[in-house]
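Numbers given in the numbering used here equal positions in the sequence shown, counted from 1, plus 115.
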Amino acid sequence: MLALAGCSGGGNGSPAAADVDLSNVDYSGSVSVITRYAGNYESFFQEMKSAYEAEHPGVTVELQQESDQGYKDKIKTLTASQSLPDVYFTWPGNYAEQFYDNGVALDLTDVIGPDTEWGQTMAPSAIGALTKDGRTYGIPFGLDAKFMVYNEKLFQQAGVEVPTDLDGLLKACDTLSAAGITPMSFGNVDGWPAIHFMTQLNSYDVPADVLAADYKPDTATWDDPGYVEALEQFSDIIDRCTTTGSGANGSDYYSQRDAFGAGQAAMFYVENLEFGATVPEGSVAANDGWGIFKLPAASDAQGDLGALTGAPDGFLINPKAKNLPLAVDFMKFVTDKANATALTAELGIPSPVKDSLTDENSTPQLRESIDVLQDANSLSIWLDTVTVPDVADAYLSGVQGLISGDRSAQDVMDAVKAASEQAKG
């Protein structure tokens, strides 16, 4: 859980940008920034730092970059010590709302709200995902959604087709296994890869209104049978589709991603912003040919079959930044059309900036993923960020126990329900 108690603003909401003239930028001093893009993706923000400093010689961009899990750990420490940088990363949902509600995220409605000049350069759904009660707090950065990637050569070798329902996926896994092919690479040492499966399966198996109510402790009951069904479906996927199986909690996500790229597995469940890192140019998977499909639902699923797991990555502005106009201006620079186009061209990360995705800067698979995203009935925000931290933690540890064989699906839901009860206001 983020240690927000005692931070500026308490529970009274965020200061508004209208209180500061953000158009009067003093290009001197420094702006501090922290991202979750260490590793394969860190070059973009390094380039943004260098370019912005070159354009404004009196400015220094103090840049920290962390891995996904490293960021989650680091931001807890920075929040607890009231040392948040001027610009910091966020996922949407409850994760971001903790910052909004405790006054440590600047209200940017007058700057990037849907009716503003900057806001109108962005996909409306991306702005909406970082808005609460009609107020916009976040700056969308990347459009992110989850897909199964598959190796076309291995599918053809085993004689399997792209599955259209969950039973078809499981049967395809059986056929691939019988042909001596690892159906799906999967590692869960950090816990969140399994949670991404659960986000999609919950959306399929639980009616949307029930799901929305249960993600909020004050209205939650967690008694819909779809939750147990979703966990049992996930368990079937682990048992029949992966070779890591009950040992997946000891296997690293990124090494399993690399295994797919090396042609050692037929499928991998991955975010579209990772397509480039998953199937690098010249890799075995790239040479074999690859495609994408949504994780399929059970044929009798009772939820939203048109839902897609995903959400925009975003950034928030610390109201205590010494130079607020400079912090906002840096993010305007990062998200202008030229840099948004470069983000996709260099890293394969789709931007929410309109008209930034082109035939020249993206692959057919990435463009297909954005088409699917835009056609989705709804976006299902990551389970570990859409609900409160105690419930997310109970789900994460519970699913790890399900994988290892230490817990049943019902055990997991009993723990989730107990955590939700304790989190009620």
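C-beta atoms are modelled at their ideal positions from N, C-alpha and C, and glycine is treated no differently.
Note down, in chain order, each residue of its chain lying with its Cβ closer than 8 Å to the Cβ of residue i, except the 5 sequence neighbours on either side.
i      : result
Trp206 : Ala426, Asp428, Gly429, Ile496, Trp497, Thr500
Ile254 : Leu223, Ile227, Leu245, Gly429, Phe430, Leu431, Ile432, Met446, Thr450
Ser138 : Pro440
Thr393 : Val264, Arg372, Phe375, Gly376, Phe383, Val385, Ala400
Gly516 : Arg522, Asp526, Val527
Val135 : Leu439, Pro440
Asp282 : Ala413, Ser414
Could you pull the DSSP bridge partners for residue i from this structure?
i      : result
Asp174 : The residue asked about is misnamed: residue 174 is Val in this sequence, not Asp. Answer is Gly144, bridged to Val174.
Ala260 : Gly425
Asn266 : Trp405
Gln180 : Thr150
Lys247 : Arg250
Pro465 : DSSP output for Pro465 lists no bridge partner at all.
Phe430 : Phe204, Ile254
Asp216 : None, per the DSSP bridge assignment.
Met237 : Val468
If you reduce the DSSP assignment to three classes, tell me which class residue i lands in.
i      : result
Lys452 : helix
Asp136 : coil
Thr459 : helix
Glu281 : Checking the sequence shown, residue 281 turns out to be Leu, not Glu. DSSP places Leu281 in helix when its eight states are reduced to three.
Phe375 : helix
Phe301 : coil
Val399 : helix
Leu420 : coil
Thr357 : strand
Asp222 : strand
Ala211 : helix
Tyr510 : helix
Tyr368 : helix
Gly520 : coil
Lys437 : coil
Gln348 : helix
Asp230 : coil
Tyr330 : coil
Thr336 : coil
Asn127 : For Asn127, the pLDDT reaches just 47, beneath the cut-off of 50, and the residue's location in the model is therefore unreliable, leaving the point undetermined.
Ile296 : coil
Asp474 : coil
Ser158 : helix
Gly274 : coil
Leu410 : coil
Quick check on the DSSP output: the alpha helix (DSSP H) that includes residue i runs from which residue to which?
i      : result
Met382 : From DSSP, Met382 is part of no alpha helix (DSSP H) but of the beta strand (DSSP E) over 382-386.
Ser535 : 524-538
Asp486 : 479-490
Asn317 : 307-320
Leu498 : 498-501
Gly391 : 390-393
Ordered along the chain, which non-local residues of its own chain (more than five positions away) have a Cβ less than 6 Å from that of residue i?
i      : result
Thr358 : Thr297
Pro308 : Tyr368
Ala507 : Asp499
Ser477 : Thr459
Asp444 : Val140
Given a cut-off of 9 Å, decide if residue j and residue i are closer than it, judged by their beta-carbon atoms.
i      : j      : result
Ser484 : Ile407 : yes
Ser300 : Gln348 : no
Pro322 : Gln180 : no
Met528 : Leu410 : no
Ala422 : Ala335 : no
Asp419 : Tyr319 : yes
Leu472 : Ala260 : no
Val325 : Asp305 : no
Gln272 : Thr424 : no
Ala238 : Val468 : yes
Gly154 : Pro434 : no
Gly378 : Asn266 : yes
Val146 : Val174 : yes
Ala524 : Val343 : yes
Over what stretch of residues does the beta strand (DSSP E) that includes residue i continue unbroken?
i      : result
Tyr203 : 202-205
Ser493 : 493-495
Excluding sequence positions up to five away, which residues of its chain have a Cβ less than 7 Å from the Cβ of residue i?
i      : result
Glu519 : It should be noted that the sequence gives Ser, not Glu, for residue 519. Taken in chain order, the residues that qualify are Ser361, Asn364.
Lys539 : Pro332, Asp333
Asp351 : Leu285
Leu481 : Asn387, Phe390, Gly463, Pro465
Val503 : Asn209, Pro332, Ala538
Thr279 : Pro411
Lys164 : Val176, Leu178
Lys268 : Asp403, Gly404
Glu212 : Lys247
Asp289 : Arg355
Lys187 : none
Val531 : Trp337, Val506, Ala509, Tyr510, Gly513
Val275 : Ala287, Thr290, Leu291
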